[in-house]
Amino acid sequence: MEKKTAAPEDPKPVEEETPVTTVEETPVDPIAELTKKCDEANDRYLRLVAEFENYKKRNQRDAENTIRYANEKFARDMVDVLDNFERALKGGDDDLRAGLEQIHKLYLAVLSRNGVEPMNAEGKKFDPINHEAVAHIPSDAPEGVIVDEAIRGYLMHDKVLRHAKVAVSAGKQ
Numbered sequence: 001m002e003k004k005t006a007a008p009e010d011p012k013p014v015e016e017e018t019p020v021t022t023v024e025e026t027p028v029d030p031i032a033e034l035t036k037k038c039d040e041a042n043d044r045y046l047r048l049v050a051e052f053e054n055y056k057k058r059n060q061r062d063a064e065n066t067i068r069y070a071n072e073k074f075a076r077d078m079v080d081v082l083d084n085f086e087r088a089l090k091g092g093d094d095d096l097r098a099g100l101e102q103i104h105k106l107y108l109a110v111l112s113r114n115g116v117e118p119m120n121a122e123g124k125k126f127d128p129i130n131h132e133a134v135a136h137i138p139s140d141a142p143e144g145v146i147v148d149e150a151i152r153g154y155l156m157h158d159k160v161l162r163h164a165k166v167a168v169s170a171g172k173q
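Per full-length UniProt numbering, residue 1 is the first one in the sequence shown, and the count goes up by one each step.
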């Protein structure tokens, strides 16, 4: 058997290093670059200021519209009451009383739906927060108790919308 001798490995070709050539960069003017950045920042600032001014105007317009049309629901309900008044006025005398009673009920319902409730003052102790005394009269009721309600008062969501004008008992004399 013959021995085979290994052939010497071929040496790898040596790659020649290619010299790195640098591209000549144009000299950057730092003042021009900073001026450009400053102009961009100034432009962004001016756009933001304009956008904010538009936002404020839009919010102001929305607030004005909200205030202007805040009572729209209430006004629609009141138009229904007005329609019933007109129908009652067109009817004869016999229907007038019944029509007015229906309108009164509707009117109270509309007020109630909108948070307005009448105060019931008669027979209660006088409270200057809710009542306005227009008379102080002698009566069989204890002193300081409301004996007559001249004009009914109204509350809107627990706030006095109109004070009740009442006559207060001075007690027995």
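Glycine residues also receive a C-beta, built at the ideal position from the N, C-alpha and C atoms.
Exposed or buried, residue i, counting other C-beta atoms within 10 Å across all chains shown (16 or more means buried)?
i      : result
Ala109 : exposed
Met119 : buried
Ser112 : exposed
Val168 : buried
Phe126 : buried
In the DSSP output, which residue or residues are listed as bridge partners for residue i?
i      : result
Val116 : Met156
Ile151 : Lys165
Lys125 : Val145
Go through its chain and collect everything with a Cβ distance to residue i's Cβ below 6 Å, but skip five positions before and after it.
i      : result
Lys124 : Ile146
Phe74  : Asn114
Val28  : none
Asp148 : Ala167
Would you give the residue range spanned by the beta strand (DSSP E) that residue i belongs to?
i      : result
Ile31  : It is not in any beta strand (DSSP E) - Ile31 instead sits in the alpha helix (DSSP H) that spans 30-68.
Glu143 : Counting along the chain, Glu143 falls outside any beta strand (DSSP E), and DSSP gives it neither H nor E.
Ile137 : 131-137
The alpha helix (DSSP H) that contains residue i, what's its start and end?
i     : result
Ala75 : 72-90
Would you say residue i and residue j are within 8 Å of each other, going by their C-beta atoms?
i      : j      : result
Val166 : His136 : no
Lys172 : Asp140 : yes
Ala170 : Pro128 : no
Val134 : Ala150 : yes
Give me, in chain order, the residues of the same chain whose beta-carbon lies closer than 7 Å to that of residue i; leave out the 5 immediate sequence neighbours on both sides.
i      : result
Val81  : Ile103, Leu106, Tyr107, Val110
Leu161 : Val116, Tyr154, Leu155
Arg152 : Pro118, Met119, Ala164
Phe85  : Ile103
His157 : Gly115
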